Amino acid sequence: MKKIQFILGLMITLAMFVSCGKDNNKVEEPPVVHEIKVENDALTILEGESKTIKIVSGNGGYQLKSDNDNVAVTEKEGVITITGQKQGKVIFP
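In mature numbering (1 follows the signal peptide of the UniProt record, and there is no 0), the protein residues as written are -21 to -1, 1 to 72.
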């Protein structure tokens, strides 16, 4: 009987040590979002023409993309350059 009580006590003690561990429930903070602001809301570009738009504010953690491969969009040192290669629309924030 004493052996059974000893083994039972040992198992309970072992279970307490195993269950009492570090909590890995770290709360992650959401990323800081900085809106990109540009000087013009709209721009008309003819086919073959290039125009630039200055970035007024933003954190630089963004990428410029076009859903149309026929429109070239590039960004360098706070200036967006858009080249019209075919009739269409490009929308950016």
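The beta carbon of each residue, even a glycine, is placed where N, CA and C say it ideally should be.
As the structure is a prediction and not an experimental result, all values here were calculated from the model.
Item, Value
"Which residues bound the beta strand (DSSP E) around Ile59?", "58 to 63"
"Once you ignore the five residues that flank Gly40 on each side, which residues in its own chain have a CB closer than 8 Å to its CB?", "His13"
"What does the alpha-carbon distance come out to for the pair Glu28 and Asp48?", "16 Å"
"Tell me, which residues are paired with Glu28 by DSSP?", "Looking at the DSSP assignment, Glu28 forms no beta bridge with any residue, so it has no partner."
"Please state if the CB of Ile24 and the CB of Gly57 are separated by a distance shorter than 8 Å.", "no"
"Would you please state the rounded distance, in angstroms, between the beta carbons of Ile34 and Val52? I believe it to be under 8 Å.", "Actually they are not in contact, since the Cβ atoms of Ile34 and Val52 sit about 13 Å apart, beyond 8 Å."
"Return the bridge partner residues of Val12 from the DSSP annotation.", "Answer by DSSP bridge pairing: none, since Val12 is not bridged."
"If Ile59 and Gly37 are in contact, beta carbons under 8 Å, what's the gap, nearest whole angstrom?", "So it is not a contact: roughly 11 Å between Cβ atoms."
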